[in-house]
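Below: one structure, written as structure tokens.
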Amino acid sequence: MGRIVQLPEEVFSKIAAGEVIERPANAVKELIENSLDAYSKNIKIRILDSGLKLIEVRDDGIGIYPDDLPLTINRYATSKIKSEKDLLKINTFGFRGEALYAISKVSNIYITSKSIESDKTYTLYASEGNIISIKEEHINYFNNGTIIKVVDLFFNSPVRKNFISSNKVENYNTINIVKQLACINYKVAFSLYIDDKLILNYLPTDTIINRVKEVFKNPYLEDFSLKIEDYEITLVLSNVFKENVKNKKGSNKGNIYFYVNNRIVGDSNYSLVKLVKNVFDETLDDRYYIEGIVSLNLPPDEVDVNIHPRKFDVRFLKPIFVKNLIQKAVKEFINTKIKTTITFLDKIEEKIDKNLPNQWYNDLKNDNLKNNLKNQEPNVINTDDNKNLSSFVSNLIKKIEKIQQKE
11 MGRIVQLPEE VFSKIAAGEV IERPANAVKE LIENSLDAYS KNIKIRILDS GLKLIEVRDD
71 GIGIYPDDLP LTINRYATSK IKSEKDLLKI NTFGFRGEAL YAISKVSNIY ITSKSIESDK
131 TYTLYASEGN IISIKEEHIN YFNNGTIIKV VDLFFNSPVR KNFISSNKVE NYNTINIVKQ
191 LACINYKVAF SLYIDDKLIL NYLPTDTIIN RVKEVFKNPY LEDFSLKIED YEITLVLSNV
251 FKENVKNKKG SNKGNIYFYV NNRIVGDSNY SLVKLVKNVF DETLDDRYYI EGIVSLNLPP
311 DEVDVNIHPR KFDVRFLKPI FVKNLIQKAV KEFINTKIKT TITFLDKIEE KIDKNLPNQW
371 YNDLKNDNLK NNLKNQEPNV INTDDNKNLS SFVSNLIKKI EKIQQKE
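One gets this note's numbering by counting positions in the sequence shown from 1 and adding 10 to each.
Okay, structure coming up:
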């Protein structure tokens with residue numbers, strides 16, 4: 011073993027950059043989160059060649075002060091926190107001051123911004139973390155906000171570039187990140203273009219369930235919230251007895267996005283997803299494909315998000331309480347949203363059992379009435395809507411009475 015030496019800055023900076031930006035989707039996530047921290051209402055993402063050739067993120071946020079532009083690519087330079095105490099109450103996505111620094115080290119980057127308090131627009135251009143120029147732009151249509159263009163990502167890191175997957179896989183990762191951020195930030199408009207083709211386009215909405223249904227393309231999702239002390243959990247998940255094609259009975263998998271204080275919780279916290287799945291499986295005595303989101307909000311000083319530079323991992327001050335809260339919320343979701351559907355279907359079948367003539371009854375039983383009611387969308391009634399439920403039952407009884415009269 012040789013002597014210990016201090017690594018030169020150009021070496022350790024690339025090591026650090028690799029911890030934050032492992033693939034193009036990581037860069038997209040960091041840039042979008044910066045836009046969200048800037049109170050943007052419209053965010054447009056454009057990528058070329060899976061993000062290796064170009065990643066562009068435009069927003070209409072508050073912008074960057076001209077004097078602050080040179081600091082944007084400095085390591086540990088941030089507007090989000092000022093002191094160590096601020097780490098105990100982090101309410102923003104970014105706070106480490108590493109994202110733009112890391113991106114700039116492995117790319118050519120252009121940052122164009124106009125502050126909401128300035129009448130001038132400036133563009134910073136940097137390569138491998140070194141500022142090449144800062145110049146004023148004359149853009150008449152640019153009100154306020156920021157445009158960041160990341161060009162030739164990993165051009166100076168051939169090893170990292172060699173580990174990048176196919177365009178299909180990398181594009182999938184980017185699409186998934188945008189979907190996750192769009193679900194929880196439902197009041198913000200998102201559009202994603204890949205190789206100049208519009209892939210995602212979400213308009214602002216007033217409710218989280220509307221956005222989640224749109225993202226998952228699943229109209230059968232249900233929402234539920236539970237608050238205990240300063241902890242609040244929101245679920246938007248599958249109602250497996252209202253779904254047809256989406257319901258993959260026997261599946262031990264699911265597609266659940268998890269959030270803590272509106273922050274995406276990553277794959278290393280799969281135990282949380284597994285916890286939700288286990289409650290479904292045990293309560294319903296079967297396995298179902300579950301999709302949707304689980305969002306947990308709690309006091310910032312009771313969760314540590316400063317574990318890894320990519321900020322996907324979290325550590326809870328009260329992990330047992332969090333586990334019990336998630337289990338309780340999922341059980342109540344099942345009891346109030348799913349089992350009411352089952353009970354309703356059973357009552358309808360019981361009513362038909364008592365009133366239908368034997369011939370009609372047997373015909374319907376052979377066709378498996380309950381499954382027909384479950385799987386055919388026109389027969390599914392939202393049991394929360396008492397008016398629709400009463401109308402449906404009333405009409406059904408009238409039909410039964412007509413059949414009896416004919417007999």
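Glycine included, C-beta positions come from ideal geometry on N, C-alpha and C. Because the structure is a prediction, the values reported are computed rather than measured.
Under a three-way DSSP split, which group does residue i fall into?
i: D5; result: Beyond the ends of the chain as shown, which are 11 and 417, falls residue 5; an answer cannot be given.
i: L64; result: strand
i: K328; result: coil
i: L213; result: coil
i: R56; result: strand
i: E40; result: helix
i: V250; result: coil
i: L419; result: Since the first residue of the chain shown is 11 and the last is 417, residue 419 is not available in this structure.
i: I72; result: coil
i: D233; result: strand
i: L110; result: helix
i: N228; result: coil
i: I119; result: strand
i: R273; result: strand
i: F147; result: According to the sequence provided, residue 147 is Glu. The question's Phe does not apply to it. Note: E147 maps to strand in three-state DSSP.
i: F308; result: Per the sequence shown, the amino acid found at residue 308 is Leu instead of Phe. Looking at L308 - three-state DSSP - the assignment turns out to be coil, as it is neither helix nor strand.
i: K51; result: coil
i: N140; result: strand
i: D291; result: helix
i: E342; result: helix
i: N334; result: helix
i: N220; result: helix
i: I31; result: coil
i: I421; result: The structure shown does not extend to residue 421, since the chain spans only 11 to 417, so no value can be given for it.
Do residue i and residue j have their C-beta atoms within less than 8 Å of each other?
i: G302; j: L245; result: yes
i: E147; j: Y132; result: yes
i: N195; j: L46; result: yes
i: I72; j: S128; result: no
i: F268; j: V304; result: yes
i: F343; j: F226; result: no
i: V67; j: I83; result: no
i: V270; j: L306; result: yes
i: I157; j: T122; result: yes
i: V340; j: F290; result: yes
i: I266; j: I238; result: no
i: K347; j: E232; result: yes
i: N44; j: A109; result: yes
i: P34; j: I55; result: no
i: V161; j: N118; result: yes
i: S175; j: V116; result: no
i: D59; j: N177; result: yes
i: R273; j: V332; result: no
i: V38; j: I187; result: yes
i: N276; j: D323; result: Note on identity: in this sequence residue 276 is Gly, with Asn being the wrong assignment. Yes. Within cutoff.
i: K171; j: Y120; result: no
For residue i, which of the options has the nearest alpha-carbon?
i: V198; options: D205, D216, N181, K207; result: D216
i: I204; options: L285, K63, N36, I42; result: K63
i: F200; options: Y212, F268, E312; result: Y212
i: N249; options: L236, L210, Y267, L294; result: L294
i: I142; options: F152, G61, S114; result: S114
i: F173; options: K347, I336, E32, K338; result: E32
i: D240; options: E43, K207, I57, K328; result: K328
i: T192; options: V161, Y298, I219, E232; result: The identity of residue 192 in the sequence shown is Ala, whereas the question assumes Thr. Comparing Cα positions, the closest option is I219.
i: L163; options: K347, V286, K341, G61; result: G61
i: P76; options: A112, A109, V340, K145; result: K145
i: I209; options: A112, K189, K223, T122; result: K189
i: L285; options: N181, V315, I330, D323; result: I330
i: I336; options: I119, N288, I149; result: N288
i: I149; options: K207, K130, L58, N36; result: K130
i: F165; options: Y182, E138, N186, I187; result: E138
i: E292; options: R325, G276, K338, V324; result: K338
i: Y298; options: R325, L247, L79, N334; result: L247
With a threshold of 8 Å between beta-carbons, can residue i be considered close to chain B, or not?
i: V188; result: Checking the listed chains, one finds no chain B in this structure; it contains a single protein chain.
Should the stretch 36-52 be regarded as contacting the stretch 69-85, the criterion being three or more beta carbon pairs within less than 8 Å?
-> yes
### Message
Threshold first: 4 residues or longer. Then list the alpha helix (DSSP H) segments lying entirely within the stretch 152-218, N to C.
### Response
168-172, 177-194
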